[in-house]
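Just so we're on the same page, my numbering is the position in the sequence shown counted from 1, plus 305. In what follows, a single structure is set out as structure tokens and then discussed.
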Amino acid sequence: RDLWFWRPSLYQLSYTPAGDIKVTRHKTCPLCGNGSTSYRMELMRMPSKALLFGGLLGTLVFGGCKPPLPPGIKLVRPVWTAVSLSPSAAELLSITSVRLVGRSASDNYPKSASGVPVVGNIKPDYEQIASIKPDVIVYDPSIYNSTDIEKLKALNIPLATIEGDTVEAYIQSVFKLGQATQSETALMDYIERLNKEVSVCRSDPIVPAPKTAIVMLSHNSNPMVAGTKSYYADLVRIAGGDPVGPPSNKF
306 RDLWFWRPSL
316 YQLSYTPAGD
326 IKVTRHKTCP
336 LCGNGSTSYR
346 MELMRMPSKA
356 LLFGGLLGTL
366 VFGGCKPPLP
376 PGIKLVRPVW
386 TAVSLSPSAA
396 ELLSITSVRL
406 VGRSASDNYP
416 KSASGVPVVG
426 NIKPDYEQIA
436 SIKPDVIVYD
446 PSIYNSTDIE
456 KLKALNIPLA
466 TIEGDTVEAY
476 IQSVFKLGQA
486 TQSETALMDY
496 IERLNKEVSV
506 CRSDPIVPAP
516 KTAIVMLSHN
526 SNPMVAGTKS
536 YYADLVRIAG
546 GDPVGPPSNK
556 F
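Put into structure tokens, the structure is as follows:
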């Protein structure tokens, strides 16, 4: 049976004469082969399974050494805190259990984000981010140029992105964010809701598809139209429309 469920007999717990305990000192740990001192404790009257368990436990506990991990096994660092450098990242992180410790000046949802320190506006504040020491930084690569991204990488903090010019690509990005923040379950619920809405839209297409433009108005510049290769254009197609605009993935 598995050692997790195995228990020694009552007499083995209640009576173990001192003469029946044998402790062997090893200068070199037999498990990891390093120079640490380990001790093997053998309870001579216990059955073979208990002897094996007692010896292994004595080697690990008393020796304090760490045996090498088996091939294919990798220790994963827990993710507790995050910095968001885009509004969409802050909103998605609010679904998870990861605590937001830094945000961009544009992150205004959820309302709880307003109390989080601002660590980026047009450009990230690299020194402030480094001082916060988050477990992960989440950003939109379409907002920053290659120089900004290289500076983020130089902080030696894990990075995750929120991106995609189509709904399918965006969903894949959310899935990877779940892996990066160890929040797969929470974000899978969100992904399932998205897929359900997409299925509903596609199940009842509009015929003929209306030509549709997504226009962004501004007080300081001329109106801008979303490109036909953008995420917004893909939303129009899913909703049953025919997007019109410049052949670009931007406004």
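All residues carry an ideal CB built from backbone N, CA and C; glycine is no exception.
{"query": "Paired residues, beta bridge with S389 - DSSP", "result": "V443"}
{"query": "Per-residue burial, A410 [other beta carbons within 10 Å of its own, 16 or more giving buried]", "result": "exposed"}
{"query": "Backbone CA spacing between P415 and S399 [nearest angstrom]", "result": "7 angstroms"}
{"query": "In DSSP terms, what S409 is bridged to", "result": "G425"}
{"query": "Span separating the alpha-carbon of D539 from that of I511", "result": "15 angstroms"}
{"query": "Three CB pairs or more closer than 8 angstroms across the stretch 384–394 and the stretch 443–453", "result": "yes"}
{"query": "Nearest-angstrom Cα separation, counted from G550 out to K516", "result": "10 angstroms"}
{"query": "Of the residues V423, S451 and K555, the one placed nearest M521, counting alpha carbons only", "result": "K555"}
{"query": "Cβ pair T401, A491 closer than 8 angstroms", "result": "yes"}
{"query": "Every unbroken beta strand (DSSP E) inside the stretch 454–540 [3 residues or more]", "result": "464–466"}
{"query": "Cβ contact (3+ pairs, closer than 8 angstroms) linking the stretch 416–432 and the stretch 451–471", "result": "yes"}
{"query": "Cut-off 8 angstroms between Cβ atoms - residues of its own chain near N500, not counting five sequence neighbours on either side", "result": "I476"}
{"query": "Beta carbon of P439 nearer than 8 angstroms to that of V406", "result": "yes"}
{"query": "DSSP three-state assignment for R404, whether helix, strand or coil", "result": "strand"}
{"query": "Among E502, A395 and V472, the one whose alpha carbon lies nearest that of V423", "result": "A395"}
{"query": "Backbone CA spacing between D547 and A435 [nearest angstrom]", "result": "45 angstroms"}
{"query": "Status (buried if at least 16 other CB within 10 Å, exposed otherwise) for V541", "result": "buried"}
{"query": "Neighbour-count burial assignment, V403, 16 or more Cβ in a 10 Å radius", "result": "buried"}
{"query": "Endpoints, the alpha helix (DSSP H) within which S436 is located", "result": "Y431 to I437"}
{"query": "Given P528 as reference, the closest of K534, A518 and S535 once Cα atoms are compared", "result": "A518"}
{"query": "Straight-line Cα distance separating V472 from A531", "result": "15 angstroms"}
{"query": "CB of C506 within 8 angstroms of CB of G469, strictly", "result": "no"}
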